[in-house]
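Asker: Below are the structure tokens for one structure; questions will follow.
Residue numbers (the working numbering), protein chains in the order written: chain A, 1 to 302; chain B, 1 to 285.
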């Protein structure tokens, strides 16, 4: 029987800058070199960067558009139905006797379209982002990107997931790189996932955001694996995270604090290209734990 | 305080700026990173909660299946794909619902009512470090964070008037989306916190673009500049924004977090603290 979907790994971590993209892109490259077909889905639509670490260039394959009203001034009778139906006050009748549309306020609910009694409003579109694709190191990449100035990041995340789901049966594994936070888009991604890698760092704030994320993941039934990145960071504190992990009976993988990783990142490179570096060795270990949890026996030769 | 990319040091800058401004005319700090609020922690945690307010930021459609005639008008009208047909009638996917009520509007038999839903909370607290912090805390998995941020800023405005506090510091979420736009709209100055990495600069450029649209004056601070000094030097040119200062990488910063004490209190003589003081005085507070 053909498989419906790949195994889906989500790389998340409530706090920003803990190393989600580094882990996601290095892991994707490693899994791909182990012979698996990998789709990397970059859902950090506000600042997508995974492709830069893999060295891929992207091209737009779909624009993300939402509704906006087009008003036919000749047909409009200034009855005001659309103005009172708009829940966010994006429409107004101005003294010069026309309907003014304030695009920045519009939430694209299309209520105006349905209430206009004379058909003076038709369907227009507003572009809020793009879905792009690329390929590098045998990893196929799907990236969502929010257009600067647009607010609807959840919508772009959700459309990017929809796009990826249409093609992902061709792959063994999909790796989703998430933005920071624990909001609606993160929740939607966790619900689609088999395994959540919760990347944190040995700081008090890393722990606080990890706790939130663990609570959110608990609502979805996804398997959880804590990745304690920057382990050994001078001045940091891993103890409270280790205590949390054992209290909650979670699995933990440590990735050592490693200037080599930081250098690779700053050059837009993968650290697994320097296989001797401590962090690269730890990411290989992480891959083996992931393979174990997901039952991917093929990977274990590494 | 914002940055296109997460983890560049927004909360670090915000918490220490609040400490600095406390003695320069008073300050109210706002944690607008409502999906991962940490500012209060960075300022030592809450000594005393002043007030707490529940936030009902969404409307949810509820369907009266006894009235429903299964015409599916609501399913067709929903722009967000949040309604699906099922044998008993339309089913709402609340995770995709924006709560704007077009379904209710088009229903010919009035079978859909909108009910207010809890999406988060706001609270003000006095931190251990003596700073008043207003925090937004979005319920896990929720959306509509931008509206919550506007509410927070309004509370901060009222509180700063009451207390004659001269400054308000808003610690924004990472990124450039809805909550960030709400955070920086109307600010006197936006400080972009950027690290010398291509990923951080890319995010910062996107943020500057948004700030220009909102006509907010923008300055930048380069954090951990010595991790890549050459790249750091080219940041003003890449961002086309005035850089008001650079902060070196300093283990004292990590330790200050571990101890939950702002750097300016914990280690005012550290090199990172010294550069912060220089930046804050350059800003003319």
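Where is the CB? At the ideal position from N, CA and C, for every residue including glycine.
Between which two residues does the alpha helix (DSSP H) harbouring residue 102 of chain B extend?
Answerer: Note, residue 102 of chain B: alpha helix (DSSP H), 102 to 106.
Asker: Would a C-beta distance cut-off of 7 Å place residue 182 of chain B and residue 216 of chain B closer than the cut-off?
Answerer: No, these two residues do not count as a Cβ contact at 7 Å.
Asker: Tell me whether residue 2 of chain A is buried or exposed, calling it buried when 16 or more other Cβ atoms sit within 10 Å of its Cβ.
Answerer: With a pLDDT of 48 at residue 2 of chain A, under the threshold of 50, the modelled position of that residue is not reliable, and the figure given next carries that caveat. Exposed.
Asker: If you run the structure through DSSP and keep just helix, strand and coil, what is residue 160 of chain A?
Answerer: The answer is helix: DSSP assigns residue 160 of chain A an H, G or I state.
Asker: I'd like to know whether the C-beta of residue 277 of chain B is nearer than 7 Å to at least one C-beta of chain A.
Answerer: Chain A, which has no Cβ nearer than 7 Å to the Cβ of residue 277 of chain B, makes this no.
Asker: By Cβ distance, which residues of its chain are closer than 6 Å to residue 100 of chain A, with the 5 residues on each side in sequence left out?
Answerer: Only 92 and 94 meet the Cβ criterion.
Asker: Just checking: is the beta-carbon of residue 2 of chain A within a distance shorter than 7 Å of some beta-carbon in chain B?
Answerer: A caution first: residue 2 of chain A carries a pLDDT of 48, below 50, which makes its placement in the model too unreliable to give a value.
Asker: Counting only runs of 3+ residues fully inside the region 55 to 121 of chain A, write out the beta strand (DSSP E) ranges in chain order.
Answerer: DSSP runs (the beta strand (DSSP E)) wholly in the region 55 to 121 of chain A: 59 to 71, 91 to 94 and 98 to 101.
Asker: With distances taken between CB atoms, is the gap from residue 206 of chain B to residue 26 of chain B smaller than 7 Å?
Answerer: The answer is no: Cβ separation not under 7 Å.
Asker: Hey, which unbroken runs of the alpha helix (DSSP H) at 4 residues or more fall wholly within the region 28 to 115 of chain B?
Answerer: With a minimum length of 4 residues, the continuous alpha helix (DSSP H) runs that stay inside the region 28 to 115 of chain B are 39 to 42, 73 to 77 and 102 to 106.
Asker: Short of 8 Å in beta carbon distance, which residues of its chain neighbour residue 10 of chain B, apart from the five on each side in sequence? Order them along the chain.
Answerer: Result list for residue 10 of chain B: 1, 2, 3, 33, 171, 172, 174 and 193, in chain order.
Asker: Using a Cβ-Cβ cut-off of 7 Å, state whether residue 119 of chain B counts as contacting chain A.
Answerer: So no, residue 119 of chain B is outside the interface.
Asker: If we ignore side chains and look at the alpha-carbon of each, how far apart do residue 265 of chain A and residue 96 of chain B end up?
Answerer: Going by the C-alpha atoms only, they are around 35 Å apart.
Asker: Along the beta strand (DSSP E) that carries residue 167 of chain B, what are the first and last residues, could you check?
Answerer: Note, residue 167 of chain B: beta strand (DSSP E), 167 to 171.
Asker: By DSSP, does residue 209 of chain B sit in helix, in strand, or in coil?
Answerer: Residue 209 of chain B: helix per DSSP, three-state reduction.
Asker: Name the chain B residues whose beta carbon is nearer than 9 Å to that of residue 318 of chain A?
Answerer: Only positions 1 to 302 of chain A appear in this structure, which leaves residue 318 of chain A out of reach.
Asker: Consult DSSP for residue 241 of chain B and reduce its assignment to one of helix, strand or coil.
Answerer: Note: residue 241 of chain B maps to coil in three-state DSSP.
Asker: Is residue 128 of chain A helix, strand or coil when you go by DSSP?
Answerer: Strand.
Asker: Quick check on DSSP: helix, strand or coil for residue 228 of chain B?
Answerer: Residue 228 of chain B: coil per DSSP, three-state reduction.
Asker: Just to make sure I have the definition right: I need the residues of chain B whose C-beta is within less than 8 Å of the C-beta of residue 196 of chain A. Which are they?
Answerer: Correct list: empty, because the minimum Cβ distance to chain B is about 13 Å.
Asker: Can you give me the Cβ contacts of residue 129 of chain A inside the same chain, cut-off strictly under 6 Å, excluding the 5 residues immediately before and after it?
Answerer: Contacts found: 64, 145, 146, 147 and 156.
Asker: Considering only their Cβ atoms, is the gap separating residue 184 of chain B from residue 30 of chain B smaller than 7 Å?
Answerer: In this structure, residue 184 of chain B does not lie closer than 7 Å to residue 30 of chain B by Cβ.
Asker: Strictly below 7 Å CB to CB, what residues from chain A border residue 215 of chain B?
Answerer: Residues of chain A passing the Cβ test: none, with the nearest at roughly 12 Å.
Asker: Compare the C-beta of residue 147 of chain B with all C-beta atoms of chain A and state if any pair is closer than 7 Å.
Answerer: No, no contact with chain A.
Asker: Per DSSP, which residues does residue 254 of chain A bridge with? Please list them.
Answerer: According to DSSP, which records beta bridges pairwise, residue 254 of chain A is partnered with A:228.
Asker: Between the C-alpha atoms of residue 253 of chain A and residue 237 of chain A, what's the straight-line distance to the nearest angstrom?
Answerer: Computed Cα separation, rounded: 16 Å.
Asker: Any Cβ of chain A within less than 7 Å of the Cβ of residue 209 of chain B?
Answerer: Yes, its Cβ sits closer than 7 Å to a Cβ of chain A.
Asker: With three or more beta-carbon pairs closer than 8 Å as the criterion, would you say the region 120 to 136 of chain B touches the region 197 to 215 of chain A?
Answerer: Flag = no, the region 120 to 136 of chain B and the region 197 to 215 of chain A do not touch.
Asker: By the DSSP assignment, the beta strand (DSSP E) with residue 187 of chain B in it spans what residues?
Answerer: Premise fails: residue 187 of chain B is in no beta strand (DSSP E) and is neither H nor E.
Asker: Quick one: what does DSSP say residue 133 of chain A is sitting in, helix, strand or coil?
Answerer: Strand.
Asker: Give me the chain B residues within the contact set of residue 115 of chain A, using Cβ-Cβ distance strictly less than 8 Å, ordered along the chain.
Answerer: Within 8 Å Cβ-Cβ: 105.
Asker: Under a three-way DSSP split, which group does residue 222 of chain A fall into?
Answerer: Note: residue 222 of chain A maps to coil in three-state DSSP.
Asker: If we define contact as Cβ-Cβ less than 7 Å, is residue 228 of chain B a contact residue for chain A?
Answerer: With 7 Å as the cut-off, residue 228 of chain B counts as an interface residue toward chain A.
Asker: With a Cβ-Cβ cutoff of 7 Å, do residue 182 of chain A and residue 216 of chain A count as a contact?
Answerer: In this structure, residue 216 of chain A lies closer than 7 Å to residue 182 of chain A by Cβ.
Asker: Are residue 225 of chain A and residue 192 of chain A closer than 7 Å when you measure CB to CB?
Answerer: Against a cut-off of 7 Å, the Cβ pair of residue 192 of chain A and residue 225 of chain A comes out as no contact.
Asker: Using a beta-carbon distance cut-off of less than 9 Å, what residues from the region 174 to 199 of chain B approach chain A?
Answerer: For the region 174 to 199 of chain B, which is checked against every Cβ of chain A, the residues closer than 9 Å are 174, 175, 176, 177, 178, 179, 180, 181, 182, 195, 196, 197, 198 and 199.
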